[in-house]
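Undergrad: My numbering runs 102 ahead of the 1-based position in the sequence shown.
Every residue gets a Cβ at the ideal spot worked out from N, C-alpha and C, and that includes glycine.
Predicted model, so just to flag it, every value in this text is computed and none were measured.
One structure, pasted below without further comment.
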Amino acid sequence: MNTQEITKTAKTLISQDKGLLAMDESHPTCNKRFAALGIPQDEETRRAYREMIVTTTGLGESISGAILYDETIRQKKKDGTPIIKAIIDAGIIPGIKVDMGAKDLAGYPGEKITEGLDGLRDRLKEYFQMGARFAKWRAIIAIGHGIPSQTCIETNAHALARYAALCQEAGMVPVVEPEVLMDGDHTLQQCFEVTEKVLRTVFNQLYSQKVMLDGMILKPNMVLPGLGCPKQESLDKVADATVNCLLQAVPAAVPGIAFLSGGQSSELASARLNAMNIRFKSRLPWALAFSFARAIQQPALEIWHGEEINVPKAQQALYHRAKCNQAARRGDYNTGMERPIHDNTVYKHQI
Ligand code: 13P
């Protein structure tokens, strides 16, 4: 294991107020997002979409790493250049989703366990040879009547730590993603309690399985009321709850926390990250960054709509969202940045 390289990669992923772009939707998830907009759901369309993303000029100004799906890391641009080369040439570190999805947890209705440990050591070796330098594994925890169970939390935490240890053995930075879902009508306080318990359990497992904390990134949910909760909370309340929860459970040796967006609107995800950095940035041991999929991609996907002619405008939208989130890392984001994107919008990289 090259510990120096691993810690260097982890540091680079959170440096210069950049963040991660998750573009690792599995076929079913990607197809679901395409279907909602009437976009064809086939391999060539997924390839064209991912090419649109990685050829966005200037993306590397605000994105440090891009998380790919197995299909994408093997695909090429139309001109024959491997997608992974286009990413590296843009100054972005390639990463790879390595879990095989969340499946029903036997004996625990309504709960999931993430699979994919069998054969992972060999798959990581191959991805490293292809150029990936970090990986992602997502566990999901639902809040509901009588759940999450201790068993669900423990089995997922155990799997996350097994994955993380294998990643570091292979020379890659593990992005450890225990996601407490937003679905449901639970309160902010309930989300706080579950998230704290999940994170404590995950870090116990990471410690017991000898994962180097300075060579990983944590990718958690923000602490939020459920989507169906009648009492939604202000930016400041969400910022305080999220950071206070993380302070209870995340060791100072972890270099960065890169949030998932989890179904929040793009603007809210940026505004909440911004509020956290305004209120706490100078007092925290770790960086507060982003690793969004929907909150960066969704506006661009809607503009692109599967049509080549829309590529420039979609790329503008993608670039814009990435920049908004970089501003949020600095505590410099404001809703004034959310002006409509016109044809004549000129960004810095185009001047
Ligand atoms: P969202 O930001 O859309 O929640 O996706 C993040 C992610 O990578 C889920 O695994």
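#1: Counting C-beta neighbours from all protein chains within 10 Å, is the total for residue 137 16 or more, i.e. buried, or is it exposed?
#2: Residue 344: buried (16+ other C-beta within 10 angstroms of its C-beta) or exposed?
#3: In chain order, what residues place their C-beta within less than 5 Å of a heavy atom belonging to ligand 1?
#4: Considering residue 280, what are the terminal residues of the beta strand (DSSP E) in which it resides?
#5: When DSSP labels each residue in this structure, what does residue 310 get in the three-state scheme?
#6: Is residue 333 helix, strand or coil when you go by DSSP?
#7: Rounded to the nearest angstrom, what separates residue 390 and residue 414 at their Cα positions?
#8: What separation, rounded to the nearest whole angstrom, lies between the Cα atoms of residue 185 and residue 153?
#9: Excluding the 5 residues flanking residue 432 on each side, which residues of the same chain have their C-beta closer than 6 Å to its C-beta?
#10: How long is the line joining the alpha carbons of residue 122 and residue 272, rounded to whole angstroms?
#11: Assuming residue 328 contacts residue 284 under a Cβ cut-off of 8 Å, what Cβ separation, rounded to an integer in Å, is found between them?
#12: Can you tell me whether residue 399 is buried or exposed? The criterion is at least 16 other CB atoms within 10 Å of its CB, across all chains shown.
#13: DSSP three-state call for residue 296: helix, strand or coil?
#14: From the DSSP output, in three-state form, read off residue 244 for me.
#15: Consult DSSP for residue 123 and reduce its assignment to one of helix, strand or coil.
#16: What do you reckon, are the CB atoms on residue 196 and residue 237 nearer than 7 Å?
#17: In terms of DSSP beta bridges, what is residue 195 paired with?
#18: When we look at the beta-carbon of residue 364 and count the other beta-carbons within 10 Å, is it buried (16 or more) or exposed?
#19: What residues in its chain sit with their C-beta under 6 Å from that of residue 453, if we drop five residues either side in the sequence?
#20: Select from 193, 214 and 315 the residue whose C-alpha is nearest the C-alpha of residue 269.
#21: How would you write the range of the alpha helix (DSSP H) that residue 105 sits in, first residue to last?
#22: What does the alpha-carbon distance come out to for the pair residue 385 and residue 341?
#23: Determine contact between the region 202-222 and the region 256-264, defined as no fewer than three beta-carbon pairs at a distance below 8 Å.
#24: May I have the straight-line CA-CA distance separating residue 375 from residue 426, to the nearest angstrom?
#25: What does a CB cutoff of less than 7 Å around residue 282 pick up in its chain, not counting 5 residues either side in sequence?
#26: What did DSSP end up calling residue 393 once you bin it into helix, strand or coil?
#27: For a test of the three-state rule: what should DSSP assign to residue 358, helix, strand or coil?
#28: Grab the span of the beta strand (DSSP E) containing residue 159 for me, first residue to last.
#29: Could you tell me if residue 146 is buried or exposed, where buried requires 16 or more neighbouring beta carbons within 10 angstroms of its beta carbon?
#30: Quick one: Cα of residue 434 to Cα of residue 201, how far?
#31: In angstroms, rounded to a whole number, what distance separates the CA positions of residue 446 and residue 406?
#32: Measure from the alpha carbon of residue 279 to the alpha carbon of each residue in 108, 430, 436 and 393, then state which is nearest.
#33: Could you give the C-beta distance for residue 113 and residue 357, rounded to a whole number, given that I count them as a contact under 8 Å?
TA: The structure says:
#1: exposed
#2: Buried is the call here.
#3: 124, 240, 362, 363, 364, 394, 395 and 396
#4: 275-282
#5: helix
#6: coil
#7: 30 Å
#8: Roughly 7 Å between the two C-alpha positions.
#9: 119
#10: 21 Å
#11: Going by Cβ atoms, the distance from residue 328 to residue 284 rounds to 6 Å, so yes, they are a contact pair.
#12: Looking at its Cβ environment, which holds 16 or more other Cβ atoms inside 10 Å, residue 399 is buried.
#13: helix
#14: coil
#15: strand
#16: no
#17: 167
#18: buried
#19: Caution applies to residue 453, whose pLDDT of 30 falls short of 50 and renders its modelled position unreliable; the model cannot decide the point.
#20: 315
#21: For residue 105, the enclosing alpha helix (DSSP H) covers residues 105-115.
#22: Distance between residue 385 and residue 341, taken at the CA atoms: about 14 Å.
#23: yes
#24: 10 Å
#25: Sequence-distant partners of residue 282 (beyond 5 residues in either direction) whose C-beta falls short of 7 Å from its own C-beta, in its chain, are 243, 245, 293, 296, 297, 300 and 323.
#26: strand
#27: Three-state result, residue 358: strand.
#28: Secondary structure note for residue 159: it is in no beta strand (DSSP E), with a DSSP letter that is neither H nor E.
#29: Classification of residue 146: exposed, given that the 10 Å Cβ count is below 16.
#30: 35 Å
#31: Any reading at residue 446 needs caution, since the residue's pLDDT is 46, under 50, leaving its predicted position unreliable; the model's value is listed next. Those two C-alpha atoms are separated by around 17 Å.
#32: 393
#33: With a Cβ gap of about 6 Å, residue 113 and residue 357 count as contacting.
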